[in-house]
Amino acid sequence: MDETVAQGLANKIYEKRKSAAYELERVIKLESDDLKIQAIVRQLCTEFIGTADKPARSASGGLIGLAAATIALGKHSASYLDLIIPAVLSCFASQDSRIRYYSTESLYNIAKVAKGEVLLYFNEIFDMLCKVNLGSLFIYFSVAAKLNEKIKDIVSEKATSYVSLLHRNHRRNHEDTESDPDNNDDLDPDESIHDIRSTAFSLAKFMPLLSERLYVINPYTRTFLVSWITVLNSIPDLDLIVFLPDFLDGLMKYSSDIHQDVRIATARLLDSFLEEIKRTTNSNKPVRKTSRASFNDRLKTESTTLEESPDDDSDSQDSIQPYDVTVDFSRIIAILLNHISSADEAIQITALRWVSDFFAICPSNLLPFTPKLLRVVLPAISHESTALRRSARDVNDKLLRLIRGLIAGNGSEDENNLLNADLEELDFVNSATIQLLDEHEETRVSALGWLMELVKLAAKKSKEDLGLRAEILPALLKTLSDTSEAVVKKDLELLAQISKNDDYFNQLMVNLLTLFSSDRNLLEQRGSLIIRQLSLNLNAERIYKTLAENLEKETDLEFAQSIVQHLNNNLLTAPELSDARKRLRQLSSTEGSSFFTTLYRSWSHNAVATFSLCLLAQAYEHALNLLQVFAELEVSVQVLVQIDKLVQLLESPVFIYLRLQLLEPEKYPYLNKCLYGLLMLLPQTQAFHTLRNRLHSITTQSFAPSSKSSSSSSRLAKGSEIHWDNLLNRFRMLQNRQQAQGKIRRNWAE
Numbered sequence: 001m002d003e004t005v006a007q008g009l010a011n012k013i014y015e016k017r018k019s020a021a022y023e024l025e026r027v028i029k030l031e032s033d034d035l036k037i038q039a040i041v042r043q044l045c046t047e048f049i050g051t052a053d054k055p056a057r058s059a060s061g062g063l064i065g066l067a068a069a070t071i072a073l074g075k076h077s078a079s080y081l082d083l084i085i086p087a088v089l090s091c092f093a094s095q096d097s098r099i100r101y102y103s104t105e106s107l108y109n110i111a112k113v114a115k116g117e118v119l120l121y122f123n124e125i126f127d128m129l130c131k132v133n134l135g136s137l138f139i140y141f142s143v144a145a146k147l148n149e150k151i152k153d154i155v156s157e158k159a160t161s162y163v164s165l166l167h168r169n170h171r172r173n174h175e176d177t178e179s180d181p182d183n184n185d186d187l188d189p190d191e192s193i194h195d196i197r198s199t200a201f202s203l204a205k206f207m208p209l210l211s212e213r214l215y216v217i218n219p220y221t222r223t224f225l226v227s228w229i230t231v232l233n234s235i236p237d238l239d240l241i242v243f244l245p246d247f248l249d250g251l252m253k254y255s256s257d258i259h260q261d262v263r264i265a266t267a268r269l270l271d272s273f274l275e276e277i278k279r280t281t282n283s284n285k286p287v288r289k290t291s292r293a294s295f296n297d298r299l300k301t302e303s304t305t306l307e308e309s310p311d312d313d314s315d316s317q318d319s320i321q322p323y324d325v326t327v328d329f330s331r332i333i334a335i336l337l338n339h340i341s342s343a344d345e346a347i348q349i350t351a352l353r354w355v356s357d358f359f360a361i362c363p364s365n366l367l368p369f370t371p372k373l374l375r376v377v378l379p380a381i382s383h384e385s386t387a388l389r390r391s392a393r394d395v396n397d398k399l400l401r402l403i404r405g406l407i408a409g410n411g412s413e414d415e416n417n418l419l420n421a422d423l424e425e426l427d428f429v430n431s432a433t434i435q436l437l438d439e440h441e442e443t444r445v446s447a448l449g450w451l452m453e454l455v456k457l458a459a460k461k462s463k464e465d466l467g468l469r470a471e472i473l474p475a476l477l478k479t480l481s482d483t484s485e486a487v488v489k490k491d492l493e494l495l496a497q498i499s500k501n502d503d504y505f506n507q508l509m510v511n512l513l514t515l516f517s518s519d520r521n522l523l524e525q526r527g528s529l530i531i532r533q534l535s536l537n538l539n540a541e542r543i544y545k546t547l548a549e550n551l552e553k554e555t556d557l558e559f560a561q562s563i564v565q566h567l568n569n570n571l572l573t574a575p576e577l578s579d580a581r582k583r584l585r586q587l588s589s590t591e592g593s594s595f596f597t598t599l600y601r602s603w604s605h606n607a608v609a610t611f612s613l614c615l616l617a618q619a620y621e622h623a624l625n626l627l628q629v630f631a632e633l634e635v636s637v638q639v640l641v642q643i644d645k646l647v648q649l650l651e652s653p654v655f656i657y658l659r660l661q662l663l664e665p666e667k668y669p670y671l672n673k674c675l676y677g678l679l680m681l682l683p684q685t686q687a688f689h690t691l692r693n694r695l696h697s698i699t700t701q702s703f704a705p706s707s708k709s710s711s712s713s714s715r716l717a718k719g720s721e722i723h724w725d726n727l728l729n730r731f732r733m734l735q736n737r738q739q740a741q742g743k744i745r746r747n748w749a750e
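Residue 1 is where the sequence shown starts when you use the UniProt record's numbering, and the numbers rise one by one after that.
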């Protein structure tokens, strides 16, 4: 450039630098030699700006000169921007705030002229604007805000349609190829459109930068980023939603920002994305494509218009339609699940709300994530926050309804295919089972509910050997020791469901006895609840028969005596065992006699339990014989306590039939005798007086059996085929063993 102009641009006085810039603008407007113009631009970039250590007045002159050159070039500036814009952007790294100010002002003026052409450098400009917001000095913040708004305006108007003049010249070089029929046949229409027409702005190229920048903490930069995403999302046909998985993770973190304005802006933006997803999914719009012929016609029109009036903004109003919108739900769901595990409540609630809405939008996409969803949602069900608990329960309930619908056969073809996948591969079992260790009751109950659904899924698949029952059975048995009664009841309900299979029923009974034997506290504290709940959900008679058959082989006599006592107490009192009690009173039937005999052989470990079993079965004659054996044994305090409890039970509704039978001594002669015999065993305690008052309340009659009753008893014994002598001998044998072992235990204790 002219030496005078160069000196003016380097002058210490700003007004003289400004005058020199006006002169430079006039010179460039009159210059027709592209090489000369390029030399001037290079001189400004190297001699005036050059490196960061240039003095402020030199850099200022260079920046003003580049802005003046761009204004002078007007529509022809596109060819020089690859020199101009990098030079201007380099000044933003200067430590001198004045240089940063001039560079911002210069870039603003350049953008006003170049408009859509600056979109080729959008990433670099955006990155610079981020750093402006991070700066602690705000001398040039206002002009930076003006620049930011100018770039936003350009992006809003031209992002979806503007093709750089440089690219359009490249298109003209392809016109001959496109007009050749032979070459045209070799081109794929869709591919040629993308190759030839490349808009200056590219979301795909911008996303990595945006994703990286989102992980900042500075509230001003966060506000800046949210505002930019909002602008991009508002542009018709830009389809930012397609790239949502690329930046959703960073954006979600803003929900917990300590600054309210950041949280509010983020919430609004996330809501707009969610609503757009719903609209995109519900619209069922056809695939949107642009034909190659119409594209070429359109592009020619744009090119002509821009050459005539490069500053005309009309091209932004008629954008080319993009291709069909595809939302990557799987990537979005994966991101949301990670945020449900966040330590921040606001982020968790936001993520849960999105997942909840996805059940209506894309249930098939959620199914593969069910195991992980369980791992993050079940703990949240018991969160101390009411809002978070409500959100987690909502997601859990919707997921349950989805799975139950599939079990009922109400799913789509894709969903049913997922249902047929191997449960172990989907990791359902581990996801639910691990939650049984959670410290909160509600989470453990919900986890058991999910395991119940898994068992139903296994049945739906008609596969018995999935390994599912075998895998969860140990965990379920361990859960019986849970401190929560609600958890234990749910656990027992699931165990009952599993045990409807014969093999697992027998296995459960054996495991229960083993568990009670190893954990006597469990037997004392939960034994009654466990037996009653299982009897409620399974066949009580079958439970007792199976337990008795296994107890018959029990070698630990102390344990056998203890568990028989617990089983007998439930048999006498539990409403769930009423059918079993009725069966025992039917000794004349094969089923009744078999049930009685099976129980008797194990009940013989406990003398009082055996006696009460005979009373329950109305085997009064045999009960009287048992009392004779009692006389041969050493009646301990423990036995007397059990007799005391039995007397109290005789006053309960269960034994109404027995008390009424006392009125018919000629029909039940042995009943009176065995009750009087029981009375003779008792010391004169409250139980003694209770039983004596009951017996004295009836008319004294002869207790000798009549011939009619004797014959009836003989027929009963014969019809039921119960070998009473064998049972009595077994009772005597086991009681002798119990006493011998009791003496050994006492000796060891001493």
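For each residue, glycine too, the CB sits at the ideal point set by N, CA and C.
All of these numbers come straight from a predicted model, not from anything done at the bench.
Cβ neighbours of Tyr215 in the same chain (closer than 6 Å, five flanking residues each side left out): Within the same chain, Tyr215 has close Cβ partners Gly250.
Could I get the ranges of all uninterrupted alpha helix (DSSP H) runs contained in the segment 483-511, with 4 residues as the minimum, in chain order? Secondary structure in the segment 483-511: the alpha helix (DSSP H) runs of 4 residues or longer, each lying completely within the stretch, are 485-498 in chain order.
Integer-rounded CB distance, given that Leu147 should sit under 8 Å from Leu107: That belief holds up - the Cβ atoms of Leu107 and Leu147 are roughly 6 Å apart, short of 8 Å.
Exposure of Ile264, with buried meaning 16 or more beta-carbon neighbours within 10 Å: When all chains shown are included, Ile264 counts as exposed.
Mapping the DSSP letters down to three states, classify Pro189 as helix, strand or coil. At Pro189, the pLDDT of 41 sits below 50, so the modelled position is not reliable; the number obtained from the coordinates is stated separately. When DSSP states are grouped into helix, strand and coil, Pro189 belongs to the helix group.
Which value, in whole angstroms, describes the spacing of the CA atoms of Leu508 and Gly449? A straight line joining the alpha-carbon of Leu508 with that of Gly449 spans about 19 Å.
Please report the residue range of the alpha helix (DSSP H) in which Asn410 lies. It is not in any alpha helix (DSSP H) - Asn410 carries neither H nor E in the DSSP assignment.
For Val608, name the three-state secondary structure that DSSP assigns. It is helical.
Applying the criterion that 16 or more other CB atoms from any shown protein chain within 10 Å of the CB defines a buried residue, is Leu660 buried or exposed? Looking at its Cβ environment, which holds fewer than 16 other Cβ atoms inside 10 Å, Leu660 is exposed.
Inter-residue Cα distance where the pair is Phe596 and Phe655: Distance between the alpha carbons of Phe596 and Phe655: 17 Å.
I need the straight-line Cα distance from residue 776 to Glu471, nearest angstrom please. Because the chain spans 1 through 750 in this model, residue 776 falls outside it and cannot be assessed.
Can you tell me which of the three DSSP states Thr160 falls into? Note: Thr160 maps to coil in three-state DSSP.
Ranges of the alpha helix (DSSP H) found wholly within the segment 224-274, counting only runs of at least 4: Counting whole runs of 4 or more residues, the segment 224-274 contains the alpha helix (DSSP H) stretches 244-252.
Looking at C-alpha atoms only, which residue of Ser32, Phe224, Asp438, Cys614 is the closest neighbour of Leu671? Nearest option by C-alpha distance: Cys614.
With DSSP as the reference, please indicate the residues paired to Thr479 in a beta bridge. Paired residue(s): none; Thr479 is not in a bridge.
What's the gap between the Cα of Glu591 and the Cα of Arg583? If you take the alpha carbons of Glu591 and Arg583, they lie about 8 Å apart.
Where Leu728 and Arg694 are concerned, what is the direct C-alpha to C-alpha distance, given to the nearest angstrom? Roughly 28 Å separates the two Cα atoms.
Pair within 8 Å by beta-carbon distance, Ile403 and Ile277: Cβ distance not < 8 Å, so Ile403 and Ile277 don't count as in contact.
How far does the alpha helix (DSSP H) with Pro363 in it extend, from its first residue to its last? Segment 363-366, the alpha helix (DSSP H) holding Pro363.
Thr326 - DSSP class collapsed to helix/strand/coil: Thr326 carries a coil assignment under DSSP once its states are collapsed to helix, strand and coil.
Assuming the contact rule is C-beta atoms closer than 8 Å, Leu406 and Leu451 should be a hit. Round their C-beta distance to whole Å, please. Between Leu406 and Leu451 the beta-carbon gap is near 16 Å, outside 8 Å, which marks them as no contact.
Would you report the Cα separation of Lys12 and Phe122, rounded to the nearest angstrom? When rounded, the distance between both Cα atoms is 33 Å.
Lys285 classed as buried or exposed, judged by whether at least 16 other C-beta atoms fall within 10 angstroms: Low per-residue confidence applies at Lys285: pLDDT is 44, beneath 50, and the placement is therefore not dependable, though the value from the model is reported in the following sentence. Exposed: under 16 other Cβ atoms inside 10 Å.
Report the three-state DSSP secondary structure of Thr685 (helix, strand or coil). Coil, per DSSP.
Which residues DSSP lists as bridging Thr4, in chain order: According to DSSP, which records beta bridges pairwise, Thr4 is partnered with nothing at all.
Contacting residues, own chain, Cβ-Cβ under 7 Å from Lys398 (five flanking each side not counted): Result list for Lys398: Ser356, Phe359, in chain order.
Thinking C-beta only, is Cys674 closer than 8 Å to Tyr600? Contact flag unset, no.
Suppose only complete runs of 4+ residues qualify. What are the alpha helix (DSSP H) ranges in the segment 609-638, listed by chain order? Listed in chain order, the complete alpha helix (DSSP H) runs (minimum 4 residues) inside the segment 609-638 are 620-632.
Using C-beta distances below 6 Å, list every residue in its chain close to Asn606, excluding the 5 sequence neighbours before and after it, in chain order. Annotation for Asn606: Gln561, Val564, Gln565 place their beta carbon closer than 6 Å to its own, counting only its chain and skipping 5 residues before and after.
Between the C-alpha atoms of Lys545 and Leu678, what's the straight-line distance to the nearest angstrom? Between the alpha carbons of Lys545 and Leu678 lies a gap of roughly 28 Å.
From the DSSP secondary-structure annotation, give me the bridge partner or partners of Thr590. Looking at the DSSP output, Thr590 sits in no beta bridge, so it has no partner there.
For Thr221, three-class secondary structure by DSSP: Of the three classes helix, strand and coil, the one that applies to Thr221 here is helix, per DSSP.
What is the DSSP secondary structure of Thr555, counted as helix, strand or coil? Three-state DSSP puts Thr555 in coil, outside helix and strand.
Is it right to say Pro208 is buried, meaning 16 or more other beta carbons lie within 10 angstroms of its own, or is it exposed? Here Pro208 is exposed, its C-beta having fewer than 16 other C-beta atoms within 10 Å.
Please confirm if the segment 504-523 is in contact with the segment 570-580, defined as three or more CB-CB distances below 8 Å between the two stretches. Because the criterion of three Cβ pairs below 8 Å is not met, the segment 504-523 and the segment 570-580 do not touch.
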